[in-house]
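Beneath this line is the structure, given in structure tokens, with notes to follow.
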Amino acid sequence: MSCTLSIEASIQNVSSVRKFLFPSLLEEPVTKSPDDGWEEDDWGWGEEFTEETQQQKKKKEEEANSWMEDCCISLSPTNDLLALAFEDRAVFLSHKWDSDKLKFQMSWKGPVNLEEGECVTSIMCIPLASLKRSSTGGPDWTCVVMGFTSGYIRMYTENGNLLLSQLLHEDPVLKVKCSTYQPRRHAGASEQLEELTILYPNALVTIDGFSLYQSLRACRNQVARAAAGGSDVQPPPLAYKKWGLGDQGNMVDHVSCGEYST
12 MSCTLSIEAS IQNVSSVRKF LFPSLLEEPV TKSPDDGWEE DDWGWGEEFT
62 EETQQQKKKK EEEANSWMED CCISLSPTND LLALAFEDRA VFLSHKWDSD
112 KLKFQMSWKG PVNLEEGECV TSIMCIPLAS LKRSSTGGPD WTCVVMGFTS
162 GYIRMYTENG NLLLSQLLHE DPVLKVKCST YQPRRHAGAS EQLEELTILY
212 PNALVTIDGF SLYQSLRACR NQVARAAAGG SDVQPPPLAY KKWGLGDQGN
262 MVDHVSCGEY ST
């Protein structure tokens with residue numbers, strides 16, 4: 012039995028994305044000028060220096076090719092936005108169709124840290140539907156949610172505008188996940204509501220999907236008015252629930268199963 016891997020999408024100008032997120036990977040080693048008057052043979056470095064140089068070169072090549080493995084990456088379920096973040100920087104790429112395949116182009120880049128020394132630990136793209144009657148059911152815009160080592164949760168538009176920033180717990184964010192609405196499957200089950208869940212080392216925070224949508228919608232309107240009038244955005248605080256997870260050992264992930272009656 013065999014299979015074929017076909018390319019469905021690609022990122023244009025990958026070098027530009029890598030250059031912004033990992034500027035140190037593109038730093039070229041300083042080369043010696045032929046006119047500086049020094050001769051390498053006089054120092055007797057020989058094969059030892061050559062072997063060390065080759066190992067360093069190989070290590071740099073491996074780092075240059077595996078930089079994406081160190082990033083926090085999220086692709087919108089509608090395939091219209093790809094977000095990458097590393098430490099205190101983030102890059103958003105928007106889709107562009109051509110005759111062959113889906114291509115992503117950089118639409119925004121910039122620093123995302125507001126507290127000193129904080130870094131991105133989790134990222135998620137959430138498409139939000141339009142409430143207009145003329146809408147065909149597709150997403151109106153995409154919200155990018157980021158968790159930080161400081162415990163902050165921040166939400167951005169696809170253009171990099173900050174909508175919300177709130178400290179939900181004073182520990183690093185481990186995972187950010189989203190659950191969508193599911194109707195009840197049988198008479199004894201309950202429907203699964205939309206919610207955003209944030210996992211911390213010793214706590215779990217949940218945010219109701221409907222209230223989150225209303226808050227994001229209001230903040231997005233405020234951002235538009237602030238950009239036109241030059242005023243500051245005053246986002247409302249998020250309503251959330253928090254559960255303590257004591258004596259649970261080291262947690263690395265979670266799954267939201269919704270509400271079940273016993």
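Numbering (the numbering used here), first residue to last: 12 to 273. Virtual Cβ for every residue (Gly too), placed ideally from N, Cα, C.
| Query | Result |
| --- | --- |
| Are the CB atoms of T132 and V5 within a distance shorter than 8 Å? | Residue 5 is absent from the model: the chain starts at 12 and stops at 273. |
| Once DSSP output is grouped into helix, strand and coil, what is the label at P40? | Residue confidence for P40 is low, a pLDDT of 45 falling below 50, so the modelled location carries little weight and cannot support an answer. |
| My output table needs one value for F33: the three-state DSSP class, helix, strand or coil. | coil |
| Using CA coordinates, which residue listed in Y211, I209, E205 and N213 is at the minimum distance from S222? | E205 |
| Start and end of the beta strand (DSSP E) containing A94? | L92 to F97 |
| Does the beta-carbon of A94 have 16 or more other beta-carbons within 10 angstroms, so that it is buried, or is it exposed? | buried |
| With distances taken Cα to Cα, identify the nearest neighbour of A248 among H197, G240, S176 and V263. | Note on residue identity: the sequence assigns Pro, not Ala, to residue 248. Ranking the options by Cα distance to P248, first place goes to S176. |
| Please name the residue or residues paired with F103 in a DSSP beta bridge. | A94 and W119 |
| For W78, which of T208, E129, W119 and V25 has the nearest alpha-carbon? | V25 |
| Measuring CB to CB, does P88 end up less than 8 Å from P138? | yes |
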